[in-house]
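Residue numbers (my numbering): 114 to 590. Just so you know, even glycine gets a beta-carbon here, dropped at the ideal spot from N, CA and C. Data block below; observations after.
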Ligand code: 5AD
Ligand code: SF4
């Protein structure tokens, strides 16, 4: 599962993206807001592409939009509340502009289906994650005075040949979706219900997308999937070859194929699953300089008992063995995690095991949440949500405190070291400073001098704040 990021275009000023295609624009403008994980952001780029083929220009200014699409997240109740509040804003807009078409896409659309039409009376379109090719038709149904719904999930759809329109792009980093759906059924997680069965995308189309990005000057791609370690092409879930006359591809082979596209293209990937992450993958990361030394490996809990109830498919010991393998095979690799505080039945002892695991691993980053019961999940059906909100919050605060300590310690070890940084943009605080990331995914800010966006620069770290390293450029790499 992916780390939650929130990508909204609110602040941007009236930019319509020019679509380089022979298709005539229809004069209507599309505005998309994305919530939740990186996969949603990536999906919005597919949506923009599908709509562009039907003449819609994408705008970053909501005020000039004729069609507004919210790509939504259901992972926790809070994520849904945020979207509901945003929908209320757009309802008001629709009163001023009655022809405005409002659609809900993604996980909330899939989870709530027509309920969204009844509850949020001014929503016109409800489209699940596998129905984006159908969006132009859904919009025309709305133009004809209907409400339009498509929440069919597919076993095949990967949008493989659709070339995404890059939204809010810095022209340097991009997402490539390599698979969709999830078959893991973690007890707390709504994703298998909202995004359907796991399916992998044709490796040729993935490599082609990476090549196209390189040709356009991009310098970094993040390969996305709910569980990238179970990527498989031409192999079924029992490990049998589907078509013996054709080659098979697993995740480590796919990474190698993408790494070979260009030595100047950095590769990231998310999310790894501890039960499926093989040493093969780690050796490929170690072998290629352009595959970043950063692994997001969500543990969720440090207690084997809780992991079992969560249906995660590994024990505390197994997880720690995977960490050991990372440390041995890729020295200096950064590791991050997701942790859930207060899952059903979690005792103080279980919680302390999470804290002690964190002390042992010393994560570079951690994305921490308290448990939020989700409808239809295994946990909702089988277990009682019996840890009080007060206890969940206290445990979460303890987890955050430990994480602050390890991040601080790790930051200190970077002082005086030099890192290869890919420059992604300007520092938020000053146009005289550039911002980039090292292989370990840590943000580094340094004085601009004559360096430019998209360049790889050696930066020596001389100071740090909680989340950012500060340094001075030495030279281009
Ligand atoms: N409650 C709290 N956190 C959750 N996550 C997934 N489902 C829930 C839930 N019901 C967290 C997991 C996952 C991350 C993306 O969100 O830690 O890895
Ligand atoms: Fe990630 Fe588990 Fe949810 Fe799948 S079911 S998306 S592996 S947390």
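Of the residues 415, 234, 214, the one placed nearest residue 257, counting alpha carbons only: 214
Other residues of its chain near residue 451: CB distance less than 6 Å, five sequence neighbours each side excluded: 411, 480
CB-CB length for residue 400 against residue 426, believed under 8 Å: Rounded, the Cβ-Cβ distance is 27 Å, inconsistent with contact.
Residue closest to residue 380, alpha-carbon to alpha-carbon, out of 287, 459, 457: 287
CB contact flag (residue 555, residue 535, <7 Å): no
Selection from 461, 448, 484 that minimises the alpha carbon distance to residue 423: 484
Closest Cα partner of residue 592 within the set 573, 577, 468, 578: Residue 592 cannot be examined here, being either before or after the span of the chain that is shown, 114 to 590.
Own chain partners of residue 429 with C-beta closer than 8 Å, once the 5 adjacent residues on each side are dropped: 415, 416, 417, 420, 466, 470
With 16 other Cβ atoms within 10 Å as the buried cut-off, status of residue 355: exposed
CA-to-CA distance, residue 455 to residue 482, given in whole angstroms: 9 Å
Member of 550, 180, 296 whose CA lies at the smallest distance from the CA of residue 268: 296
Stretch pair the stretch 259-268 + the stretch 137-149: three plus CB contacts closer than 8 Å: no
Own chain, CB closer than 8 Å to residue 158, minus 5 neighbours either side, in chain order: 277, 278, 279, 280, 288
Through-space distance from residue 291 to residue 316, alpha-carbon basis: 8 Å
Cβ pair count under 8 Å reaching 3, the stretch 541-561 against the stretch 501-517: no
Selection from 162, 230, 303, 204 that minimises the alpha carbon distance to residue 493: 303
Cα-Cα separation between residue 390 and residue 274, rounded to whole angstroms: 28 Å
Straight-line Cα distance separating residue 472 from residue 434: 15 Å
Distance cut-off 6 Å: residue 446 Cβ against heavy atoms of the ligand 5AD: no
For residue 432, the first and last residue of its enclosing beta strand (DSSP E): Careful: residue 432 lies outside any beta strand (DSSP E), inside the alpha helix (DSSP H) at 429-442.
Contact set for residue 178: own chain, Cβ-Cβ below 8 Å, skip 5 residues either direction: 142, 143, 144, 172, 213
8 Å contact criterion, which residue 336 and residue 382 should meet: CB distance rounded: 4 Å
Coarse secondary structure for residue 573, derived from DSSP in three states: strand
Neighbour-count burial assignment, residue 323, 16 or more Cβ in a 10 Å radius: buried
Residue(s) in a DSSP beta bridge with residue 396: Paired residues: none, contrary to the question.
Own chain partners of residue 204 with C-beta closer than 6 Å, once the 5 adjacent residues on each side are dropped: 235
Contact set for residue 575: own chain, Cβ-Cβ below 8 Å, skip 5 residues either direction: 528, 529, 583, 584, 585
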